[in-house]
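Down below is the structure, laid out as structure tokens.
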Amino acid sequence: MSTLPDFKAHTSSIEHLISSTNPSSILLYGDYNQPLIKWSKSNQGLFASGTMSNTSTHLVDSFSYYNFYQLNQVPNARGRLLDLVFSSFVTPTVQLANTPIVSPDSYHPPLFVSFPFPTPITAKDTHEYRDYKSADYKSMLRYLGSFDWENTFSLYSVDDSAVVFNDALLSSIHKSSNSEP
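All residue numbers for the sequence shown refer to the working numbering, where the first residue is -19 and numbers rise by one.
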């Protein structure tokens, strides 16, 4: 079991990350090993009861300050919650994983956590389709053949040479083929 200084260092690290990155949402997963705590899932915030130690009191106080919820309600074989899932929003769900990645042990049941993300607004489709069947391939070859590639590539690094060639190739395609919306 971790000591109070360990928990203080942990919560201080979390505080630093939150204050320096200002995330829109947070999910924390971990083996917090607080077997005597009973966690209640509530839309009102973080609720814990039971035999509270200095470490558990510090954990609850710190994470309550950030309006975290504890979402895991999947007990281990002894009816305890050691692996906790804290979140800054209530919508994630935690359940027993049907297909664990590693062999489970009786103290740490495998968890499946799902959290919905808002569906992003998709931009208008601006993709172009090229009519390659009617493209003027001879014109493309003439255009690409007009370059002194050996001299051109000698001026650039390998990466920059690839960019130059790609630009020339795309330019030849745009000049020699029709686009369709």
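Glycine included, C-beta positions come from ideal geometry on N, C-alpha and C.
Here the structure is a predicted model, which means the values were calculated and not measured.
Each of -16, 135, 155 and 6 was checked against the Cα of residue 47, and the nearest Cα belongs to 6.
Taking the C-beta atoms as reference points, residue 39 is found nearer than 8 Å to residue 12. By the Cβ test, the region 16 to 32 is in contact with the region 60 to 79, since at least three Cβ pairs between them sit closer than 8 Å. If only uninterrupted beta strand (DSSP E) runs of at least 3 residues are considered, those enclosed by the region 27 to 82 are 27 to 30, 63 to 67 and 73 to 76. Under DSSP, the beta-bridge partners assigned to residue 110 are 159.
Proximity to residue 85 across -14, 63 and 137 peaks at 63, based on C-alpha coordinates. Each residue's CA atom was taken as its position, placing residue 76 and residue 135 some 59 Å apart. Per DSSP, residue 135 lies in no beta strand (DSSP E) and is assigned neither H nor E.
For the options 15, 18, -5 and 0, the alpha carbon positioned closest to that of residue 8 is the one of -5. When the five nearest sequence neighbours on each side are left out, the beta carbons in the same chain lying within less than 6 Å of the beta carbon of residue 66 are those of 8, 43, 48 and 50, in order along the chain. For residue 145, the three-state secondary structure derived from DSSP is helix. The DSSP-derived three-state label of residue -2 is helix.
The continuous beta strand (DSSP E) containing residue 94 extends over residues 91 to 94. Around the beta carbon of residue 35, 16 or more other beta carbons lie within 10 angstroms, which makes this residue buried. The beta carbon of residue 144 lies closer than 8 Å to those of 132, 133 and 136 in the same chain, with the five residues before and after it left out.
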